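2 protein chains.
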Amino acid sequence: MFRGSNLLRLADYNQAVVLDLIRREPGLSRADLQRNSGLASQTISNITRRLIDAELIRESTPSDAARGRPSIPLVANGSGAFAVGVHVDPARLTILLLDIAGEVLDQRQLPTPQATNPAEVTTLIAVNTGRLIREAGIDRERVLGLGIAVPGPLDLRTGVVLDPPQLPRWRQVRLRSDLHDATGMPVLLDKDVTASATAELRNSADPDFLFVYLGSGVGASVVTNGQVLRGASNNIGEIGDILVDPTAEDLGWSGRRGGLAAACVPEALAIQAAQAALIPLPDVTDYLAIDDACSALFDLAARGDAEACAILERSARRVAVGIAVLVNFIDVPRVVLGGPTWSRLSGAFLPILQDAVRRELVVSRDEFTVVGSTVGAEIAAQGAAELVLDHFLTPSASALVLD
Amino acid sequence: MFRGSNLLRLADYNQAVVLDLIRREPGLSRADLQRNSGLASQTISNITRRLIDAELIRESTPSDAARGRPSIPLVANGSGAFAVGVHVDPARLTILLLDIAGEVLDQRQLPTPQATNPAEVTTLIAVNTGRLIREAGIDRERVLGLGIAVPGPLDLRTGVVLDPPQLPRWRQVRLRSDLHDATGMPVLLDKDVTASATAELRNSADPDFLFVYLGSGVGASVVTNGQVLRGASNNIGEIGDILVDPTAEDLGWSGRRGGLAAACVPEALAIQAAQAALIPLPDVTDYLAIDDACSALFDLAARGDAEACAILERSARRVAVGIAVLVNFIDVPRVVLGGPTWSRLSGAFLPILQDAVRRELVVSRDEFTVVGSTVGAEIAAQGAAELVLDHFLTPSASALVLD
């Protein structure tokens, strides 16, 4: 059914090594591949011919600078294989199609159904995945699989979403097998922060950073020496309970008073804005209503409302305390923020965060930076799709896929 | 001058691989080595002969179970090579001698000079290192080097102790080159928490844990997949500022109010005990006086004094909050506590910590455990010596040694 993945599953280790080298450094010549892989010239020649025949790589045009040299740059063939990436944020559902060259072909965002059970979400994902593939006009057989990123905690061994505080109706959901049944595709499940850090790593040259995820919840992941840490149980990044302000107001919610989540997640910001009588209090069990309430708060701030601006500035200062806890502990020179709500917070956060975090650092760092991700709100979905490509196309495939 | 290290520096990569295998799994036969290394039988035979001639390994006696089999177990030769390990805690200076088989031959603890400058500490270390080697009756030429663990922050690139809050008289100290000049030995500098986690990893079978260091300061390190994380600037583990109790009393000290350091370091405990009128307030610029004051507090608690016990129990509950922040973030199934003051805190901490941390965990973990290290108060010194052995005896030697 899935020609691409069958091809790759039958492939030998050396072929995976060569394809991985080309994916990570587009434009390598056969001579480069020989040097970088340590494989024999004839082996490289055979493997690249097979990969070209399978439409997984293609020959590109040598640049002007290379004129006179016989080496032909090889690149991943964007139309050769694809992965679907899905991100279930409690407010927004993102589905996208990523090609083997790392380009997002198409994506759609939907409101995450609030009143429905997980089975309806599964069906919604399956239907929209089918549409996305059909409308993109690509061969379904060339889709390697579907990666889905969700809030934790997860049991990746069994593919089960355990009991995420951010998805109160999801308890022990066998999401991996349910989605496999609904789509017929190999399915890879992972945590939102891990998928996001994977996408960030693939889209930046930096091998060491803390990734802070801002969506309906807040989370973090660590990239060290070019590796995404995932934690012993694949549940890295639960940072919402970190105390950041001992004097914080009582939000009357389930989260920890004075904690990092209370400082910055949309639900907490909406409650704070309502307490300041800026907006009416939304139904806090409805993430779409919370999202709308936050939009009203952001609009007020954008129009220069002093109280709205003060709420966001206070949020930034509290987030800085939490980020400093993580940077002091794990020792990274760089923090990257991203996720579904980042684009709306960045205007208030970026002018404040870097200096505010730096003031809290035990080890003084001139080079310390805080930046926003270059990947957009779809970062977790993109990362989930990258993880699928990695699973099938890298030499050390993990055992996390049901197929 | 250092025959052992010269031998090893001249050694080829394969020899290092074989020696490393034997060090990590004592008792391997030549056939085991062949299997585990992938090297040819004749190569193994040549290398093991060279290592035996150099007195770095020796043949051991086959166990009864192996009778009839011709395979001879090979083990590191304890008398073949050594490393000196030093730990500068602000209150206690530890110097020990570790052999290549991982045994501590001898150790001594001295009060860290309080009123002197770092140069006097360097001299003290050099003199005592010389004595330790002489009294152990070992050949100085077989000492590979000296590893020294100190509180951070450090610049390992230049071997400089920057400005550790715990060593207020140490500013920009070129400790690595100073000690090299004073001893003539190759010197490796590292952080106390990194050295401690290295020793813990070598002495336990567990590849994933958080190590919490308790000395004059508090720190942490992470071991994941059998690797000690050290942070991008080798300064992992600054956790003293993590807020653990928003209602905490004002200690009138330089540390953060309500922070993890204020909850558990000897200086903070002594101030708390003095505020409760249990003991007189010691001179808090004198770590030896602080140490004595804490001893008085621990004695009171051991004799059942209710207020002294309450201070230590409160400390344990606050430490649990801090540990939970780290476990929630980095996702480890196991926490190990150790360091110079651990043996005196363990009685009050161990009955409380595991349950108190577990209650704070976002991901519920039946298997979650909190334990004390099996290595004693000398753990950082032992780890520093292990890092020296690793530097000279493992295939992937780091570039952190000045020699």
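Same order as they appear, the protein sequences are chains B and W. FYI, the numbering used here numbers position 120 of the first sequence as 110, with every residue one higher than the one before it. FYI, the numbering used here numbers position 61 of the second sequence as 51, with every residue one higher than the one before it. Just so you know, even glycine gets a beta-carbon here, dropped at the ideal spot from N, CA and C. Model, not experiment: these values are computed from the prediction.
With a contact defined as Cβ atoms closer than 8 Å, A73/W and L134/W qualify at about 5 Å. The three-state secondary structure of L241/W, taken from DSSP, is coil. Against chain W, the CB of D321/B has a partner CB under 8 Å away; the residue lies at that interface. Pairing V163/B with L169/B gives a Cβ-Cβ distance that is not under 8 Å.
At a C-beta separation below 7 Å, E228/W has these neighbours in chain B: N318, F319, V352, V353. For I138/W, DSSP records a beta bridge to V76/W, L179/W.
Pairing L86/B with A172/B, the inter-Cα distance amounts to about 17 Å.
In this structure I62/W is not in contact with S31/W, their Cβ atoms being roughly 14 Å apart against a cut-off of 8 Å. Taking all protein chains shown into account, R82/W has 16 or more neighbouring C-beta atoms within 10 Å of its C-beta and is therefore buried.
Comparing alpha-carbon positions, the option among V212/W, I280/W, L241/W lying closest to P323/W turns out to be V212/W. Under DSSP, the beta-bridge partners assigned to A66/B are I47/B. With 16 or more other Cβ atoms from the protein chains shown falling within 10 Å of its own Cβ, E376/W counts as buried. Residue burial annotation: R355/W is buried, with at least 16 other C-beta atoms found within 10 angstroms of its C-beta. Where I369/B is concerned, the enclosing alpha helix (DSSP H) starts and stops at 369 to 383. Contact annotation: Q97/W and E368/W have beta-carbon atoms nearer than 8 Å. In the structure shown, T214/B adopts extended strand secondary structure according to DSSP, grouped into three states. A distance below 8 Å between beta-carbons, with the five flanking residues on each side excluded, links L219/W to the following residues of its chain, in chain order: S211, V212, V213, I226. Using a Cβ distance threshold of 8 Å, P272/W and A258/W do not count as a contacting pair. The C-beta distance from V360/B to G312/B rounds to 12 Å, too long to fall under 8 Å, and the pair is not in contact.
Residue contact check for D356/W against chain B: no CB pair falls below 8 Å. Closest option to A292/W, judged by alpha-carbon separation, among R48/W, V353/W, G337/W, G207/W: G337/W. Against P236/B, the close residues of chain W are L233, P236, G248, in the order they occur along the chain (beta-carbon pairs closer than 7 Å). Residues of the segment 210 to 228 of chain B that bring their beta carbon within less than 8 Å of a beta carbon in chain W comprise A210, V212, T214, L219, R220, G221, A222, S223, N224, N225, I226, G227, E228, in sequence order.
Here A306/B really is in contact with I342/B; their C-beta atoms are around 4 Å apart, less than 8 Å. The C-alpha of F358/B is placed about 11 Å away from the C-alpha of R349/B. Under the Cβ criterion of 8 Å, D198/B is counted among the residues facing chain W.
Restricting attention to I128/B, A263/B, A371/B, the CA atom closest to the CA of L287/B is found in A263/B. A Cβ-Cβ contact shorter than 8 Å links G70/W with L46/W. Under the DSSP assignment, I85/B falls in the beta strand (DSSP E) whose first and last residues are 82 to 89. For A346/B, same chain residues with a beta-carbon under 6 Å away, outside a window of 5 residues either side, are R307, A310 in chain order. With a cutoff of 8 Å on beta-carbon distance, A187/W and F201/W are scored as near each other. When beta bridges are read from the DSSP output, Q99/B appears opposite T84/B. Of the residues R159/B, R13/B, V8/B, S53/B, the one whose Cα lies closest to the Cα of T38/B is V8/B. By the rule that beta-carbons nearer than 8 Å mark a contact, P158/W does not touch chain B.
For G142/B, the nearest beta carbon of chain W is closer than 8 Å to its own beta carbon.
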